[in-house]
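>
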Amino acid sequence: GRDCALSTAGRMRRMKKTDYMVRPGELPTYSPEAHAGTVNRRLISKETVGARNIEVVSGEVGLGGMAEAHYHDVAEQAMYLLEGKCQVEVEGESFEMGPGDMAFFPPGARHKAVPVGGPIKVLVIYSPPLADATIAFRT
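Using my numbering, the first residue of the sequence shown is number 3, and each one after it goes up by one.
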């Protein structure tokens, strides 16, 4: 519960030299639900820097991996493509993204992303943080 989150935040802060900067290589990785072949790191979050209204995640998706179609009830999501190409679908609209392109997924908008031709690296921004929002799946 809350005590566990606070102790995790405390441990993470002790690992860093500052409360205002993070080094991705020092952060734990995780694979989100419904995101095959994905490795993420929470860069900016309540646990890493004490952020309350925003969460920034770096993600790598291997070829053959994907974010399955899903939506977030509350959170707005922006995805900035750092490397590679991917096919994105939002509420039935499909487009290809390349490095430097950015997509926006409003709350409740069903979306998915699939790498094209190789792995991708993305920066994902959520507001409010996903820890405070919910993930849901439409059938």
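Don't be surprised by glycine CBs; every beta carbon is placed ideally from N, CA and C.
Go ahead and pull the three-state DSSP assignment for Ala133.
Position 131 of the sequence shown holds residue 133. Looking at Ala133 - three-state DSSP - the assignment turns out to be helix.
> Going by beta-carbon coordinates alone, are Phe107 and Val92 separated by less than 8 Å?
Counting from one through the sequence shown, the residue named residue 107 turns up at place 105. Counting from one through the sequence shown, the residue named residue 92 turns up at place 90. Yes, the Cβ-Cβ distance between Phe107 and Val92 is below 8 Å.
> Name, in chain order, the residues that DSSP records as bridge partners for Glu85.
The residue labelled residue 85 in the question sits at position 83 within the sequence shown. In the DSSP output, where bridge partners are listed per residue, Glu85 has Lys123.
> Work out the CA separation of Val124 and Glu28 for me, nearest whole Å.
Sequence index remark: in the sequence shown, residue 28 carries index 26 (1-based). Sequence index remark: in the sequence shown, residue 124 carries index 122 (1-based). C-alpha separation (whole angstroms): 18 Å.
> What is the DSSP secondary structure of Gly61, reduced to helix, strand or coil?
Reading the sequence shown from its first residue, position 59 is the one you call residue 61. Residue state, collapsed to three classes: strand.
> Three or more C-beta pairs under 8 Å: does that hold for the segment 50-58 against the segment 96-112?
The answer is no - the segment 96-112 does not touch the segment 50-58, with fewer than three Cβ pairs under 8 Å.
> For Gly86 and Asp134, what's the separation of their Cα atoms in angstroms?
Sequence index remark: in the sequence shown, residue 86 carries index 84 (1-based). Sequence index remark: in the sequence shown, residue 134 carries index 132 (1-based). Taking the straight line from one Cα to the other gives about 30 Å.
> Could you check where the alpha helix (DSSP H) with Glu49 kicks off and where it finishes?
The residue given as residue 49 occupies position 47 in the sequence shown. That run of the alpha helix (DSSP H) goes 48-51.
> Of all the options Ala36, Glu62, Ala38, which has the alpha carbon lying nearest to the alpha carbon of Arg44?
Working through the sequence shown from its first residue, we reach residue 44 at position 42. Of the listed residues, the one whose Cα sits closest to Arg44 is Glu62.
> Per DSSP, Thr40 is paired with what?
Along the sequence shown, one-based indexing puts residue 40 at 38. Val63.
> Would you kindly work out how many angstroms separate the C-alpha atoms of Pro30 and Ile46, rounded to a whole number?
Counted from its first residue, the sequence shown places residue 30 at position 28. Counted from its first residue, the sequence shown places residue 46 at position 44. Their backbone Cα atoms lie some 13 Å apart in a straight line.
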